[in-house]
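Participant: Have a look at the structure that comes next, please.
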Amino acid sequence: MKPAGDSATQSCIDACLACATACERCATACLGEEDVRMMVGCIRLDRDCADLCRLTAALMARGSSFSALVAEVCAEACEAGAAECAQHADHHDHCRQCAEACRRCADECRRMLVGS
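Set out below in structure tokens:
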């Protein structure tokens, strides 16, 4: 894993925080949808992904030895979140935005792992 002050690390931290925000917004918007039962999987993944993204960003910021391990899990959660949100993207803009943020975050986390 690259050092905490490295620009690639900062780029990953930024992607994680942006993804956490997009996931929180998506989950909240899903709760307001007419048939919220259809969005349960999306909401659950959004919440998990947001939590993992925040944790990954925090660990990277402090240069934790657990950064790589958590970044791997974060990338997997983001990929799952992107796939779930993509199913709803044609009907819900919040899902489209969330899927894009999840893909970016997964890519950034994977990029960090290659450099570790």
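Numbering (my numbering), first residue to last: 44 to 159. Glycine is no exception: its CB is placed at the ideal position from the N, C-alpha and C atoms. Please read all numbers here as calculations on a predicted model, not as lab measurements.
#1: Would the region 67 to 84 count as touching the region 137 to 150 if we require 3 or more Cβ pairs under 8 Å?
#2: For the alpha helix (DSSP H) that Val79 lies in, which residues bound it at each end?
#3: Please classify Arg147 as buried or exposed, where buried requires at least 16 other C-beta atoms within 10 Å of its C-beta.
#4: Under the assumption that Ala61 contacts Ala144 (Cβ atoms under 8 Å), give the Cβ distance between them as a whole number of angstroms.
#5: In whole angstroms, what separates the C-alpha of Ala93 from that of Thr64?
#6: Does the structure place the region 78 to 88 close enough to the region 100 to 117 that three or more beta carbon pairs sit under 8 Å?
#7: In terms of residue numbering, what span does the alpha helix (DSSP H) encompassing Ser110 cover?
#8: Pop quiz: Cys117 and Cys69 are said to be a contact at Cβ under 8 Å. What is the actual Cβ separation, rounded to whole angstroms?
#9: Grab me the residues of Cys59's own chain with a C-beta within less than 6 Å of its C-beta, minus the 5 sequence neighbours each way, in chain order.
Facilitator: This is what the structure holds:
#1: Contact annotation: the region 67 to 84 touches the region 137 to 150, with at least three C-beta pairs closer than 8 Å.
#2: Neither: Val79 is in no alpha helix (DSSP H) and is coded neither H nor E.
#3: Around the CB of Arg147, 16 or more other CB atoms lie within 10 Å, so the residue is classed as buried.
#4: 6 Å
#5: 7 Å
#6: no
#7: 110 to 129
#8: So it is not a contact: roughly 16 Å between Cβ atoms.
#9: Cys96, Thr99, Ala100, Cys148
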